[in-house]
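Structure first, commentary second.
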Amino acid sequence: MKTAEQRPTAPPPRALISVHDLMPETLPAVLRTLQRLEHHQCAPVTLLVVPGRDWDRAALATLRSLQRDGYRLAGHGWRHRAETFGGLYHRLHGLFLSRRVAEHLALDEAGIIALIQRCHAWFGDHGLESPALYVPPAWAMGRISLARLRDTCPFPLYERFDGVIDIAAGRVQHLPLLGYEADHAFRAPILRLWNRWNWRRARRQGRPIRIGIHPRDIELALAHDLECDLARALVPIAYDSLSGAAAAATATGSA
211 MKTAEQRPTA PPPRALISVH DLMPETLPAV LRTLQRLEHH QCAPVTLLVV PGRDWDRAAL
271 ATLRSLQRDG YRLAGHGWRH RAETFGGLYH RLHGLFLSRR VAEHLALDEA GIIALIQRCH
331 AWFGDHGLES PALYVPPAWA MGRISLARLR DTCPFPLYER FDGVIDIAAG RVQHLPLLGY
391 EADHAFRAPI LRLWNRWNWR RARRQGRPIR IGIHPRDIEL ALAHDLECDL ARALVPIAYD
451 SLSGAAAAAT ATGSA
């Protein structure tokens, strides 16, 4: 029987780290968050950009600078707000999870496709490299199938609540998710329990864990929890490392 000293040490968990809701009005808070991530030597980091806000020259210049500095950009909806609710499910989703940000849930399939295509085009139109990843607001993809995403939408990867869709491989990689947006008192204990459960899932399954950070999380009730999680022995990885296309390119290059 192996003693504690003889048991192999589990490797540190791999982490997909993202900062959500990057728009001109949240840019100062996002930059403060990036300082904390730099303090903990967390890189790479993916920034979820909301294109349909009022981006002026200065904000766009900052975005280009962040991309040059190695931050990955991702598409994150269009305006990050649903003007109407798309039915009972959307209303319940908004009440308990997303408020009015899950704009996909107010759209039919054609509307979702048009929104994703418009989001993708915005980056090239503003002198930015096209992202590999698209994340719908509140991780709510809405009424669109994987086949339709593959045939009509330009991103190779899509993240939803349960995991990451890899278009090249035609599959969903189910990955644990951590969140810290405790902007109401009742959310803090629920999120804390959720995060503990997902840490256990990640360790048990040996899968990467997703750490989703919102701009004000470093000031909210779970700020200490976030700092402690970032201080863990993590191995940050990029989302595009999950892509079947990336894996195929690596294999070809090493052959």
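Okay, so the sequence shown: first residue is 211 according to this note's numbering, each after it adds one.
Glycine included, every Cβ here is placed at the ideal spot set by N, Cα and C.
Would you report the Cα separation of residue i and residue j, rounded to the nearest angstrom?
i: Leu367; j: Ile326; result: 12 Å
i: Leu401; j: Cys438; result: 15 Å
i: Pro363; j: Ile323; result: According to the sequence displayed, residue 363 carries Cys and not Pro. Spanning the two alpha carbons is a distance of roughly 6 Å.
i: Ala253; j: Ala448; result: 8 Å
i: Ala225; j: Arg282; result: 14 Å
i: Trp407; j: Thr256; result: 24 Å
i: Glu248; j: Pro223; result: 18 Å
i: His434; j: Ala350; result: 27 Å
i: Ser355; j: Glu391; result: 28 Å
i: Ala331; j: Phe396; result: 39 Å
i: His394; j: Leu432; result: 11 Å
i: His424; j: Ala269; result: 18 Å
i: His336; j: Arg274; result: 9 Å
i: Met233; j: Ser453; result: 26 Å
i: Gln415; j: Asp450; result: 21 Å
i: Asp279; j: Ala312; result: 30 Å
i: Ala320; j: Arg353; result: 9 Å
i: Leu258; j: Ala220; result: 31 Å
i: Phe333; j: Asp372; result: 26 Å
i: Ala250; j: Ala239; result: Checking the displayed sequence, the identity of residue 250 turns out to be His instead of Ala. C-alpha separation (whole angstroms): 17 Å.
With 16 as the cutoff for other CB atoms within 10 Å, does residue i come out buried or exposed?
i: His286; result: buried
i: Asp361; result: exposed
i: Ala348; result: buried
i: Pro418; result: buried
i: Asp231; result: buried
i: Trp288; result: buried
i: Arg413; result: exposed
i: Gly389; result: buried
i: Pro446; result: buried
i: Leu403; result: exposed
i: Ala284; result: buried
i: Arg442; result: exposed
i: Phe365; result: buried
i: Arg420; result: buried
i: Pro346; result: buried
Please classify residue i: does DSSP put it in a helix, a strand, or coil?
i: Ser228; result: strand
i: Ile323; result: helix
i: Gly389; result: strand
i: Leu432; result: coil
i: Ile400; result: helix
i: Leu356; result: helix
i: Leu317; result: coil
i: His249; result: helix
i: Trp426; result: In the sequence on display, residue 426 carries Arg and not Trp. The answer is coil: DSSP assigns Arg426 none of H, G, I, E or B.
i: His330; result: helix
Per DSSP, residue i is paired with what?
i: Val255; result: Looking at the DSSP assignment, Val255 forms no beta bridge with any residue, so it has no partner.
i: Asp376; result: Leu367, Arg381
i: Ala284; result: Leu258
i: Val445; result: Arg224
i: Arg420; result: Leu226, Leu387
i: Leu343; result: Leu367
Strictly under 8 Å for the Cβ-Cβ distance: is residue i near chain B by that measure?
i: Pro254; result: Within the model displayed, chain B is absent; a lone protein chain is all it includes.
Decide if the segment 377-391 is in contact with the segment 340-348; the criterion is three or more beta carbon pairs, one per stretch, under 8 Å apart.
-> The segment 377-391, when compared against the segment 340-348, does not touch it at the 8 Å Cβ threshold.
Tell me, please, whether the segment 418-437 touches the segment 236-243 by the rule of three or more beta-carbon pairs shorter than 8 Å.
-> Touching, per the Cβ criterion.
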